[in-house]
Amino acid sequence: MKVAWPIEIVGTGAYLPDRIVKNDELRQYVDTSDEWIAQRTGIRERRWIAPGETTLSLATAASRAALADAGLTPRDLDLIVVATITPEHQLPATACLLQAALGCRWIPAYDLAAACSGFVWAFQAAAQYVISGLAETVLVVGAEALSNITDMQDRQTCVLFGDGAGAAVIRRSRHPDRGIAAVRLGADGDRGRLIYIPAGGSKEPASHRTVDERLHYMRMQGRDVYKFAVTQMEAVIAETCADAGVALQDVACVIPHQSNLRIIESACERLSLPLERVLINIDRYGNTSAASVAVALHEARTTGRVRAGDWVLLVAFGAGLTWGAVLLRI
150 MKVAWPIEIV GTGAYLPDRI VKNDELRQYV DTSDEWIAQR TGIRERRWIA
200 PGETTLSLAT AASRAALADA GLTPRDLDLI VVATITPEHQ LPATACLLQA
250 ALGCRWIPAY DLAAACSGFV WAFQAAAQYV ISGLAETVLV VGAEALSNIT
300 DMQDRQTCVL FGDGAGAAVI RRSRHPDRGI AAVRLGADGD RGRLIYIPAG
350 GSKEPASHRT VDERLHYMRM QGRDVYKFAV TQMEAVIAET CADAGVALQD
400 VACVIPHQSN LRIIESACER LSLPLERVLI NIDRYGNTSA ASVAVALHEA
450 RTTGRVRAGD WVLLVAFGAG LTWGAVLLRI
């Protein structure tokens with residue numbers, strides 16, 4: 150089968166901070182327990198950055214690993230796209246700082262903010278640059294330091310999030326049957342406040358009041374997000390496979406955003422998709438937003454979960470509300 154966009158992943162990398170935060174450690178902040186968290190989310194532990202670590206340092210480590218895996222150097226890159234909602238600074242873009250850190254000056258570099266859908270959106274954007282001929286080799290990164298925007302007084306959200314980064318290097322494929330067969334992206338801004346940070350933007354600039362009222366932390370309406378995520382994950386997987394004319398049963402591995410194990414299980418049950426064909430690592434890393442699909446993709450490649458010629462489906466959903474899926478043959 151000839152694919153629509155003949156691109157290939159030539160290298161992947163990931164970086165997770167050394168600090169492991171188990172569920173029981175969160176009892177010092179809120180009334181919770183390992184059992185309560187695990188039953189509702191599937192999370193047993195997550196990684197948090199140490200002093201001195203930042204979104205940029207995570208992204209740099211993951212990027213260097215991906216380039217090494219590809220057998221390339223930073224000077225081989227034509228473009229960098231970074232997906233993040235926890236940038237190093239409001240400006241300049243984290244991608245520009247990553248460009249400097251890697252030592253590949255002058256090439257274009259930009260950030261993309263689609264929250265948990267970010268890596269899927271960035272991967273699609275990078276592929277378009279390659280297919281159009283505007284770039285030959287592109288570095289795509291998902292990186293987050295979510296512990297910095299997590300309210301440790303909010304029992305519903307503080308148990309969910311972790312820090313980390315993943316990266317992929319893509320190029321045009323030499324094989325006409327390898328690459329992207331179908332893409333689906335979407336957004337629903339009417340439900341944007343289901344997951345948002347109230348302050349820090351132009352509507353509510355930072356002030357003593359916004360800090361005192363803890364308005365710089367993430368807010369989430371969990372039940373509504375859960376309903377949306379299950380429904381949208383089911384729909385976008387089915388639609389993307391239909392667009393490509395590929396049966397879901399022929400997909401070797403589904404790599405979803407690691408939001409909540411119950412969301413993943415519910416969507417897979419609706420699709421009659423066995424969990425054995427779904428990569429799940431939320432128990433170890435929690436929800437790392439834009440980094441989650443990137444980290445899981447790297448894990449799938451390095452552990453043998455996916456091999457050359459396999460159909461792989463990347464799928465994510467997040468704040469915005471946003472969603473996206475990419476079906477590709479590795």
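If you count by my numbering, then the sequence shown holds residues 150 to 479, one letter each, in order.
Even for Gly, the Cβ is constructed at its ideal location relative to N, Cα and C.
If the criterion is Cβ atoms closer than 9 Å, does the pair residue 264 and residue 234 meet it? For residue 264 and residue 234, yes; Cβs fall inside 9 Å.
To the nearest whole angstrom, what separates the beta carbons of residue 271 and residue 278, a pair I think is in contact under 8 Å? Between the beta-carbon of residue 271 and that of residue 278 there is about 11 Å, and that puts the pair past the 8 Å contact cut.
Okay, do the region 156-167 and the region 212-221 touch, 3+ Cβ pairs below 8 Å being the bar? In this structure the region 156-167 touches the region 212-221; the number of beta carbon pairs closer than 8 Å is three or more.
Alpha carbon to alpha carbon, what distance is there between residue 471 and residue 343? Looking at the two C-alpha atoms, the distance is approximately 11 Å.
Pairwise C-alpha distance: residue 468 and residue 405: Computed Cα separation, rounded: 15 Å.
Please state if the CB of residue 332 and the CB of residue 291 are separated by a distance shorter than 9 Å. No, the Cβ-Cβ distance between residue 291 and residue 332 is not below 9 Å.
Let me know if residue 182 comes out buried or exposed under the rule of 16 or more other beta-carbons within 10 Å of its beta-carbon. Label assigned to residue 182: exposed.
Using the rule of at least 16 other Cβ atoms within 10 Å of the residue's Cβ for burial, across every protein chain shown, is residue 374 buried or exposed? Counting of Cβ neighbours within 10 angstroms places residue 374 among the buried residues, the total reaching 16 or more.
Applying the criterion that 16 or more other CB atoms from any shown protein chain within 10 Å of the CB defines a buried residue, is residue 448 buried or exposed? Classification of residue 448: buried, given that the 10 Å Cβ count is 16 or more.
Compute the Euclidean distance between the alpha carbons of residue 173 and residue 417, then round it to the nearest angstrom. Separation of residue 173 and residue 417 (C-alpha to C-alpha, rounded to the nearest whole angstrom) is 29 Å.
Residue 199 vs residue 314 beta-carbon contact at 9 Å: No, the Cβ-Cβ distance between residue 199 and residue 314 is not below 9 Å.
Sequence-distant residues of its chain with Cβ nearer than 8 Å to residue 176 (five each side left out): For residue 176, where only same-chain residues beyond five positions count, the Cβ hits under 8 Å are 182.
Under the three-state reduction of DSSP, which class applies to residue 437: helix, strand or coil? Under the three-state reduction of DSSP, residue 437 is assigned to coil, being neither helix nor strand.
Use the C-beta contact count for residue 457: other C-beta atoms within 10 angstroms, 16 or more gives buried, fewer gives exposed. When all chains shown are included, residue 457 counts as exposed.
So, at 8 Å on beta carbons, what are the nonlocal neighbours of residue 387 in its own chain, with the 5 sequence-adjacent residues on each side left out? Only 397, 420 meet the Cβ criterion.
Please classify residue 273 as buried or exposed, where buried requires at least 16 neighbouring CB atoms within 10 angstroms. The residue is buried, with at least 16 neighbouring Cβ atoms inside 10 Å.
Meets three-Cβ-pair contact criterion under 8 Å: the region 360-368 and the region 295-311: The region 360-368 vs the region 295-311: in contact.
What runs of the beta strand (DSSP E), each 3 residues or longer, lie entirely inside the region 226-251? Whole beta strand (DSSP E) segments, 3+ residues: 228-232.
Nearest candidate by alpha-carbon position, reference residue 293, set 268, 282, 280, 306: Check the Cα spacing between residue 293 and each of 268, 282, 280, 306: the tightest is with 268.
Using a Cβ-Cβ cut-off of 7 Å (strictly less than) and excluding sequence neighbours within five positions of residue 237, which residues of its own chain qualify? The residues are 203, 204, 205, 243, 246.
In this structure, how does DSSP classify residue 366 when only helix, strand and coil are distinguished? Residue 366: coil per DSSP, three-state reduction.
Minimum C-alpha distance to residue 477 - residue among 465, 328, 443: When each option's Cα is compared against that of residue 477, the closest is 328.
In terms of alpha-carbon separation, which member of 186, 312, 426 lies closest to residue 196? It is 312 whose Cα lies nearest to the Cα of residue 196.
Which value, in whole angstroms, describes the spacing of the CA atoms of residue 324 and residue 184? When rounded, the distance between both Cα atoms is 48 Å.
Supposed close pair residue 385, residue 444 - CB separation, criterion 8 Å: About 20 Å; that fails the 8 Å criterion.
Is it buried or exposed for residue 425, if we count other Cβ within 10 angstroms and need 16 for buried? Answer is exposed; the Cβ neighbour count stays below 16.
Would you mind reading off the limits of the beta strand (DSSP E) that contains residue 402? Residue 402: member of the beta strand (DSSP E) spanning 402-405, first to last residue.
Alpha carbon to alpha carbon, how far is residue 219 from residue 340? Give it in angstroms, no decimals. Roughly 40 Å between the two C-alpha positions.
Distance, residue 317 Cα to residue 394 Cα: Straight across, the Cα-Cα distance linking residue 394 with residue 317 is about 26 Å.
Would you mind stating whether residue 431 and residue 408 have Cβ atoms separated by less than 9 Å? Against a cut-off of 9 Å, the Cβ pair of residue 408 and residue 431 comes out as a contact.
Using beta-carbon positions only, say whether residue 190 and residue 308 come within less than 9 Å of one another. Yes, these two residues count as a Cβ contact at 9 Å.
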